[in-house]
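Student: One structure, pasted below without further comment.
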Amino acid sequence: MSGKISATFGTRKILTMIQQQHADRDLLLMQANATEDRYMLLDLSGEKTVFSSPVSYDVLLSKGNEDWHGMTSFIFMDLPIEEQKVFNSKFSAFRAEYEKPNGLKHFWVLREAKNNAAFVIVTNWHSDSEYAVWLRSESFKPFAKYLTPDFDYHESRYAFVRSLKS
């Protein structure tokens, strides 16, 4: 995993075409769980993005086996400067004391490259039900405070569709 990833959004047809045009890249096509016609293409190469309208992120923390099959949750939040230090220490502690919750394959903490206040927790799971159990667990408790409108919280869940590299 590189220190940067980029994402773009569109129809399956357009994103598949981009994926085929750049078959040398590690591009993952993912479908939103909430709607059939919403797709995302992730560029995991760490190179300058090939997307014309990317959202780019710095990878702050990465742990686990990057198997994208299953359900992937993206938890978005905006954190003021004073809260960023608290958030980072909570995730550093989580990583150091890492006892992998059942079903968790990997997790990342990302920060948007153009907005230092915008953070994303990315987790990949074998199933939705294991993710739901984690959200109610002791290991998630330190992060639950961020799942509120106070931190502009929103979440998207995606399922892996395909990668030309797999």
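UniProt numbering numbers the first residue of the sequence shown as 1 and each following residue consecutively.
From the three backbone atoms N, C-alpha and C, an ideal C-beta is built for every residue, glycine too.
Keep in mind that this is a model prediction, so the values were computed, not measured.
Assign Asn115 to one of three DSSP states: helix, strand, or coil.
Tutor: Here Asn115 sits in coil by DSSP.
Student: Look up Trp108 in the DSSP assignment and say whether it is helix, strand or coil.
Tutor: The answer is strand: DSSP assigns Trp108 an E or B state.
Student: Counting Cβ pairs, one atom from each stretch, are 3 or more of them under 8 Å apart for the region 86-95 and the region 23-32?
Tutor: Verdict: no, contact absent.
Student: If you follow the beta strand (DSSP E) that Arg38 is in, where does it begin and where does it stop?
Tutor: Taken as a continuous stretch (DSSP letters only), Arg38 belongs to no beta strand (DSSP E), as it is neither H nor E.
Student: Could you tell me the distance, in whole angstroms, from the CA atom of Leu27 to the CA atom of Thr11?
Tutor: Between Leu27 and Thr11, the C-alpha separation is close to 15 Å.
Student: Using 10 angstroms around the beta-carbon of Met40, count the other beta-carbons present and answer buried if the total reaches 16, otherwise exposed.
Tutor: Classification for Met40: buried.
Student: Starting from Arg25, follow the alpha helix (DSSP H) in both directions and report where the run begins and ends.
Tutor: From DSSP, Arg25 is part of no alpha helix (DSSP H); its letter is neither H nor E.
Student: What number of angstroms, rounded off, separates the C-alpha of Met17 from the C-alpha of Pro54?
Tutor: Looking at the two C-alpha atoms, the distance is approximately 16 Å.
Student: Alpha carbon to alpha carbon, what distance is there between His69 and Lys105?
Tutor: Those two C-alpha atoms are separated by around 9 Å.
Student: Over the uninterrupted alpha helix (DSSP H) stretch that includes Phe143, give me the two end residues.
Tutor: Run containing Phe143: 141-144, per the alpha helix (DSSP H) assignment.
Student: With 16 other CB atoms within 10 Å as the buried threshold, where does Val120 fall?
Tutor: So Val120 ends up on the buried side.
Student: Express the C-alpha separation of Val50 and Asn116 in angstroms, rounding to a whole number.
Tutor: Each residue's Cα considered, the two are about 22 Å apart.
Student: Taking the alpha carbon of Tyr24 as the reference point, which residue from Ser45, Thr35, Val133, Arg38 has its own alpha carbon closest?
Tutor: At residue 24 the sequence reads Asp, which differs from the Tyr that was named. Considering only alpha carbons, the answer is Ser45.
Student: Candidates Ser156, Ile75, Ala118: which alpha carbon is nearest Glu83's?
Tutor: It is Ala118 whose Cα lies nearest to the Cα of Glu83.
Student: Spell out the partners DSSP gives Ile5 in its beta bridges.
Tutor: Looking at the DSSP assignment, Ile5 forms a beta bridge with Tyr57.
Student: Assign Ala132 to one of two classes, buried (16 or more other C-beta atoms within 10 Å of its C-beta) or exposed (fewer than that).
Tutor: By the 10 Å Cβ count, Ala132 comes out exposed.
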